[in-house]
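Undergrad:
There are 2 protein chains.
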Amino acid sequence: MEPTFEQAEELAGMFHLLGDVNRLRLICACLEGAVCVQDLADRFSLTPSLVSHHLRLLKAARLMRAARRGKQVFYTVNDEHVRRVLSDMTTHVAEDAGGER
Amino acid sequence: MEPTFEQAEELAGMFHLLGDVNRLRLICACLEGAVCVQDLADRFSLTPSLVSHHLRLLKAARLMRAARRGKQVFYTVNDEHVRRVLSDMTTHVAEDAGGER
DNA sequence: TTAACATATGAACACTTATTCGATTGTTAC
DNA sequence: GTAACAATCGAATAAGTGTTCATATGTTAA
């Protein structure tokens, strides 16, 4: 059950990508369906350039995938595991927010 | 299901802590039971100082808790949610390692 | 072909952070 | 009390990274 060093590195890599607020919000925004770069930039008041940079990392890590339709490129969550982890953690955080204080 | 900005910040904070290889291994090593700083340092060939630094962050984030017994301080995983997420992700990574290539 | 739009890319900067070293605190045994 | 061990703390350094800006690539319409 304890991961090997390489597994730990891979896991840490994933967590590190999820550890940035903007990146995390980008992923969450694409959980339900594909969204294009511009819409993401508008929704979170970010530069298209910054969004693209983040999406590039997420794509390289196989966490998301891109599909071009016309001028726009739509991104969606690729990994089903991440989807589960995110929903788990989100609900957990939501639960704790009420119970701790 | 999409987190608020504050929830995203909290989530990202957790993921960020899990996103460092050494920290992740430290947590995983304490999943099954309490381990003291020295043993952790020995097992992963890290400085006790470095281990302590990491554990301090993990403790501050409520992910681990410390208990002193004699000279030594034993650390264990505090959060049951994190325990689930970690075991989930570990098995997932282990599964994918065989299936992808 | 041009023009306008959408995204990607590369360099540069500012900021964060992991790690090391040295000193300090706390505990136990003598 | 002192000595030895365990852990923590603080500062300093070095490496990494998020963001911005400018430029380039790709796509569609005229």
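Protein sequences appear in the order of chains D and W. Sequence positions in the first sequence follow the numbering used here and run 0 to 100. Sequence positions in the second sequence follow the numbering used here and run 0 to 100. For every residue, glycine included, the Cβ atom is placed at its ideal position computed from N, Cα and C.
Could you compute how far the alpha carbon of R68(W) sits from the alpha carbon of A7(D)?
TA: 29 Å
Undergrad: Determine the direct distance from the alpha carbon of M88(D) to that of H80(W), and round the result to whole angstroms.
TA: 7 Å
Undergrad: Along the beta strand (DSSP E) that carries R64(D), what are the first and last residues, could you check?
TA: 63 to 68
Undergrad: At least one CB of chain D closer than 8 Å to the CB of G18(W): is that the case?
TA: yes
Undergrad: Could you check if P47(W) is buried or exposed, using at least 16 other CB atoms within 10 Å of its CB as the buried criterion?
TA: When all chains shown are included, P47(W) counts as exposed.
Undergrad: Would the beta-carbon of Q71(W) fall within 8 Å of that of C29(W)?
TA: no
Undergrad: Quick one: Cα of A60(W) to Cα of G32(D), how far?
TA: Taking the straight line joining both Cα atoms gives about 32 Å.
Undergrad: By a C-beta neighbour count over all protein chains shown, 10 Å radius and 16 as the cutoff for buried, is E5(D) buried or exposed?
TA: Within 10 angstroms of the beta-carbon of E5(D) lie fewer than 16 other beta-carbons, which makes it exposed.
Undergrad: If you reduce the DSSP assignment to three classes, tell me which class C29(W) lands in.
TA: coil
Undergrad: In chain order, what residues of the same chain lie with their CB nearer than 7 Å to the CB of C27(W), ignoring the 5 residues before and after it?
TA: Hits under 7 Å: L85.
Undergrad: For S44(D), which of R24(D), L10(D), R83(D) has the nearest alpha-carbon?
TA: R24(D)
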